[in-house]
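Student:
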Amino acid sequence: MEMQEIPTESPRVHAEDGAGEPMLEVITKEEAEPDHYEQLKCPTEDVYVKASDIHPIVKSKEGKQAERNAGLYRLPCLILSVVCLILLILVCILGVKREYTTPCICNKRASESFSSRFKADNLSFTDNFGCQQCATGWLTYGRSCFFLSTTRLTWLESQKNCSASGGSLAIVTNKNVQKFLTQKGNLKYWIGLRLHNATWNWVNSNALQQSYWMDPVQNEDCAYLYSDGPVEKNWGRASCLASAYFICQLQF
Numbered sequence: 000m001e002m003q004e005i006p007t008e009s010p011r012v013h014a015e016d017g018a019g020e021p022m023l024e025v026i027t028k029e030e031a032e033p034d035h036y037e038q039l040k041c042p043t044e045d046v047y048v049k050a051s052d053i054h055p056i057v058k059s060k061e062g063k064q065a066e067r068n069a070g071l072y073r074l075p076c077l078i079l080s081v082v083c084l085i086l087l088i089l090v091c092i093l094g095v096k097r098e099y100t101t102p103c104i105c106n107k108r109a110s111e112s113f114s115s116r117f118k119a120d121n122l123s124f125t126d127n128f129g130c131q132q133c134a135t136g137w138l139t140y141g142r143s144c145f146f147l148s149t150t151r152l153t154w155l156e157s158q159k160n161c162s163a164s165g166g167s168l169a170i171v172t173n174k175n176v177q178k179f180l181t182q183k184g185n186l187k188y189w190i191g192l193r194l195h196n197a198t199w200n201w202v203n204s205n206a207l208q209q210s211y212w213m214d215p216v217q218n219e220d221c222a223y224l225y226s227d228g229p230v231e232k233n234w235g236r237a238s239c240l241a242s243a244y245f246i247c248q249l250q251f
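So the sequence shown is numbered by numbering that gives the first Met the number 0: it starts at 0 and just counts up by one.
1) One question on the structure: do residue 140 and residue 82 come within less than 8 Å of each other, judged by their Cβ atoms?
2) Using the three-state DSSP reduction, which class does residue 146 fall into: helix, strand or coil?
3) Check whether the stretch 148-162 and the stretch 131-138 are in contact - that is, three or more C-beta pairs closer than 8 Å.
4) Using only CA atoms, which one of 205, 207, 173, 236 lies nearest to residue 221?
5) DSSP on residue 246, reduced to helix/strand/coil?
6) What would DSSP say about residue 193, mapped onto helix, strand or coil?
7) Quick check: the Cα distance between residue 149 and residue 180, rounded to an integer number of angstroms?
8) Only counting the same chain, and skipping five residues up and downstream in sequence, which positions put a Cβ closer than 7 Å to that of residue 198?
9) Assuming residue 211 and residue 233 make a contact with CB atoms under 8 Å, what is their CB distance in whole Å?
10) Can the beta-carbon of residue 168 be found less than 8 Å from the beta-carbon of residue 202?
11) On a Cα-Cα basis, can you pick out the residue from 240, 133, 204, 230 that is closest to residue 178?
12) Going by alpha carbons, who is nearest to residue 192 out of 146, 155, 214, 75?
13) For residue 213, collect the residues of the same chain with a Cβ closer than 8 Å to its Cβ; drop the 5 residues on either side in sequence, then sort them by chain order.
14) Using the C-alpha atoms, what's the distance from residue 95 back to residue 182?
15) In this structure, what does DSSP give as the bridge partners for residue 235?
16) By Cβ distance, which residues of its chain are closer than 8 Å to residue 246, with the 5 residues on each side in sequence left out?
17) Identify every run of the alpha helix (DSSP H) within the stretch 133-190, keeping only runs that are complete inside it and at least 4 residues long; order them along the chain.
18) Please list the terminal residues of the continuous beta strand (DSSP E) segment that includes residue 205.
19) How would you label residue 90, buried or exposed, when you count the other beta carbons within 10 angstroms and need 16 or more for buried?
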């Protein structure tokens with residue numbers, strides 16, 4: 000028996016058989032994964048922006064906003080500063096004016112009282128009596144107004160008349176006042192000095208410090224000023240019930 004030759008498969012047949020099935024492409028791991036390192040290494044301009052590029056823009060906007068806010072408050076602060084300066088100047092002016100301006104007595108009843116009491120002496124009192132000046136018929140010296148009467152009363156009556164005006168019988172506080180009253184008068188005038196409990200006191204309760212007694216001294220209780228005598232010694236003593244002219248004093 001003859002051996003039959005086994006037919007060999009034609010390569011074509013295998014080729015044709017393989018043509019019907021898809022060929023699998025082998026992709027390595029390196030090829031399958033994207034190159035993230037390259038993307039990080041070379042970022043694109045549309046995805047990544049440097050912080051140094053953003054900072055100037057933000058800083059510029061903040062600076063403009065700050066300037067705008069400062070401009071809103073600058074004018075009110077300027078106005079307030081000017082107002083404060085003006086008020087300070089006014090306070091200083093008023094303080095100086097108050098220091099050197101003579102204050103007002105403004106006692107209308109006092110002027111009316113004196114006007115009625117001494118009407119016989121033809122004294123006229125101004126409507127603004129006591130406001131920075133003495134009334135007509137009064138003498139101004141220092142911070143006081145003095146009135147030398149032309150009528151005679153007892154010491155107590157004289158004091159009451161002066162008190163009705165808001166003043167008192169004259170108080171001689173120093174040699175200048177003593178000299179002024181001596182020069183202005185030419186009569187004997189009650190002054191506000193009286194003996195009480197063996198002590199000479201002024202009508203304001205202050206004790207006598209400096210005196211101008213004439214010689215000889217009489218033993219009486221009320222003091223008067225004799226303007227015809229020397230300035231250093233022209234005070235006399237008389238009975239408080241005696242009648243004499245008097246000097247009233249209003250302090251302002």
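Beta carbons: idealized from backbone N, C-alpha and C, even for Gly.
Tutor: According to the data block:
1) As a first step, residue 140 is located in the sequence shown; it is residue number 141 there, counting from the start. As a first step, residue 82 is located in the sequence shown; it is residue number 83 there, counting from the start. For residue 140 and residue 82, no; Cβs fall outside 8 Å.
2) As a first step, residue 146 must be located in the sequence shown, where it is residue number 147. Reduced to three states, the DSSP call for residue 146 is strand.
3) Not touching, per the Cβ criterion.
4) The count along the sequence shown starts at 1 and reaches residue 221 at position 222. Selection 205, 207, 173, 236 evaluated against residue 221 yields 236 as nearest (Cα-Cα).
5) In the sequence shown, residue 246 corresponds to position 247, counting from 1. In the three-state reduction of the DSSP assignment, residue 246 falls in the strand class, which pools E and B.
6) Walking along the sequence shown from the start, residue 193 turns up at place 194. DSSP places residue 193 in the strand class (E or B) of the three-state scheme.
7) Along the sequence shown, read from residue 1 onward, the residue named residue 149 stands at position 150. Along the sequence shown, read from residue 1 onward, the residue named residue 180 stands at position 181. For residue 149 and residue 180, the distance between alpha carbons rounds to 15 Å.
8) Locating residue 198 in the sequence shown gives position 199, counting from the first residue. Residues of the same chain with a CB within less than 7 Å of the CB of residue 198, apart from the 5 flanking positions on each side, are 206 in chain order.
9) Counting from one through the sequence shown, the residue named residue 211 turns up at place 212. Counting from one through the sequence shown, the residue named residue 233 turns up at place 234. Contact between residue 211 and residue 233 holds, with the beta-carbon distance rounding to 6 Å and staying under 8 Å.
10) As a working note, residue 168 is residue 169 in the sequence shown. As a working note, residue 202 is residue 203 in the sequence shown. Yes. Within cutoff.
11) On the sequence shown, residue 178 is found 179 positions in, with the first residue counted as 1. When each option's Cα is compared against that of residue 178, the closest is 230.
12) Working through the sequence shown from its first residue, we reach residue 192 at position 193. For the residues 146, 155, 214, 75, the minimum Cα distance to residue 192 belongs to 155.
13) Here residue 213 is taken as the residue at index 214 of the sequence shown, counted from 1. Excluding positions up to five away in sequence, the list reads 225, 228, 232, 233, 234, 235.
14) Within the sequence shown, numbered from 1, the residue matching residue 182 stands at position 183. Within the sequence shown, numbered from 1, the residue matching residue 95 stands at position 96. When rounded, the distance between both Cα atoms is 34 Å.
15) Here residue 235 refers to the residue found at position 236 when the sequence shown is read from its first residue. Residue 235 is bridged to 223.
16) Against the sequence shown, residue 246 aligns to sequence position 247. Cβ within range, chain order: 145, 146, 147, 148, 168, 169, 180, 184, 188, 189, 190, 224.
17) Counting whole runs of 4 or more residues, the stretch 133-190 contains the alpha helix (DSSP H) stretches 154-163, 174-183.
18) Here residue 205 refers to the residue found at position 206 of the sequence shown. Run containing residue 205: none; DSSP gives neither H nor E here.
19) Sequence index remark: in the sequence shown, residue 90 carries index 91 (1-based). Around the CB of residue 90, fewer than 16 other CB atoms lie within 10 Å, so the residue is classed as exposed.
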